[in-house]
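Written out below as structure tokens is the structure these notes cover.
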Amino acid sequence: MSLEALAEITKFSKSSLARFETAESMIPPELPPMLDVAFGTDGIFGKLYALARHEIHPDKFRRRMELEARAIRIREYSPQIVPGLLQTPAYAEAQFRVHLPDASDDEVEKLLMARLSRQELLSKEPQPHYAAILDEGVLRRRYGSWAVMREQLSRLTALALTPASFVQVLSFEHGGHALAGGALSLLTLDDDSPVAYEEATTTGTLVEEKEEVRARIRAYDLLSASALSPEKSADFIRSVLEALPDEHNP
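Numbering follows the UniProt record's numbering, in which position 12 of the sequence shown is assigned residue number 12; successive positions increment by one, without gaps.
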């Protein structure tokens, strides 16, 4: 079956299908059942997709991690949750349980161990420079108990301004912006080449074409200029932390 015919059946563009085929983009969950219908494969694509989802790191994210390990500079924007590299163990576990409600305790444990192992790159030598822009909602959206949030915000306060990292807060007052559609990671590799990784709820896309990466860097830089400074961000995070309800008197 041609790509054109498959695009007509699935209603995905030819370029999107090509990216799925070459693992440049993660496959959305609604596509495998369509492929089974198109090819008459009696659920084979659906079963393969289910197996892939149970891997700790799907191929696309594994490629991102390989590049991340080479990065000398990491910049991230997150509109919904604390970025994985900054999460406390308790926050990470709570996030996994919310986003993967069908995962077993063993699967959650494996994901958590992988997350903590990934965080080690921020303490390696030479240490990459890390910067993050967090939407205000990230600070206010509770994952786990209030104690979990208190620990997580305390960690963000400590990381907000260090020699190797800083965190900026984008307040609700800022309004809409070009990166509001999903999370973004910008990596500068050890050969000074830049790559980008965009992540939505169920999909992730690695962007390596230079002009496309530059466009995302420009959008990030504009957002950074509009966000609170690292110093004011630390104060803002601290104010949210201090306003959290008491665990025993919510």
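A virtual CB, placed ideally from N, CA and C, is assigned to each residue, including glycine.
Might you give, ordered along the chain, the residues of its own chain that have their beta carbon closer than 6 Å to the beta carbon of residue i, omitting 5 neighbours on each side?
i: Tyr-197; result: Arg-64, Ser-185, Leu-206
i: His-54; result: Model confidence at His-54 stands at a pLDDT of 44, short of 50, so the residue's coordinates are unreliable; what they give is reported in the following sentence. Counting only Cβ-Cβ distances below 6 Å, and skipping sequence neighbours, we find nothing.
i: His-99; result: none
i: Ile-9; result: Ala-38
i: Ser-171; result: Glu-136
i: Lys-232; result: none
i: Pro-83; result: Glu-76, Ala-132
Excluding sequence positions up to five away, which residues of its chain have a Cβ less than 8 Å from the Cβ of residue i?
i: Tyr-220; result: Arg-75, Tyr-77, Ile-133, Leu-179, Leu-184, Leu-186
i: Arg-155; result: Leu-86, Thr-88
i: Ile-44; result: Asp-36
Using the three-state DSSP reduction, which class does residue i fall into: helix, strand or coil?
i: Phe-39; result: helix
i: His-129; result: strand
i: Phe-12; result: coil
Pick from the options: whose alpha carbon is nearest that of residue i?
i: Gly-181; options: Val-240, Glu-231, Gln-80, Pro-245; result: Gln-80
i: Ala-147; options: Ser-123, Val-82, Ala-200, Ala-90; result: Ala-90
i: Arg-118; options: Leu-85, Asp-105, Pro-128; result: Leu-85
i: Leu-222; options: Gly-204, Val-240, His-174; result: His-174
To which residues of the same chain is residue i closer than 7 Å at the C-beta, ignoring the five residues directly before and after it?
i: Arg-142; result: Met-149
i: residue 253; result: A question about residue 253 goes unanswered here, because the residues of the chain that appear run from 1 up to 250.
i: Ala-234; result: Thr-157, Ala-160, Leu-161
i: Val-138; result: Ser-78, Gln-80, Ile-81, Val-82
i: Ala-103; result: Phe-96
i: Gly-144; result: Ala-90, Tyr-91, Ala-94
Mind reading off the beta-carbon distance from residue i to residue j? Whole number of angstroms is fine, and I expect it under 8 Å.
i: Val-195; j: Val-167; result: With 8 Å as the limit, Val-195 and Val-167 do not qualify as a contact, their Cβ atoms being about 22 Å apart.
i: Lys-11; j: Glu-4; result: Rounded, the Cβ-Cβ distance is 13 Å, inconsistent with contact.
i: Ala-71; j: Pro-163; result: Actually they do not touch by this definition, with Cβ atoms about 17 Å apart.
i: Leu-153; j: Leu-228; result: Contact doesn't hold; Cβ gap of about 15 Å is too wide.
Please determine whether the Cβ atom of residue i lies at a distance below 8 Å from any heavy atom of the ligand FMN.
i: Ser-154; result: Ligands are entirely absent from the displayed structure, and the ligand FMN is therefore not among its contents.
Using a Cβ cut-off of 9 Å (strictly closer), state whether residue i contacts chain B.
i: Gly-40; result: Of the protein chains in this structure there is only one, and it is not chain B.
Subject >> Continuous beta strand (DSSP E) assignments of at least 3 residues falling wholly in the segment 58-92 >> reply: 71-78
Subject >> beta strand (DSSP E) runs contained entirely in the segment 170-243, provided each spans 3 or more residues >> reply: 183-189, 194-199, 204-207
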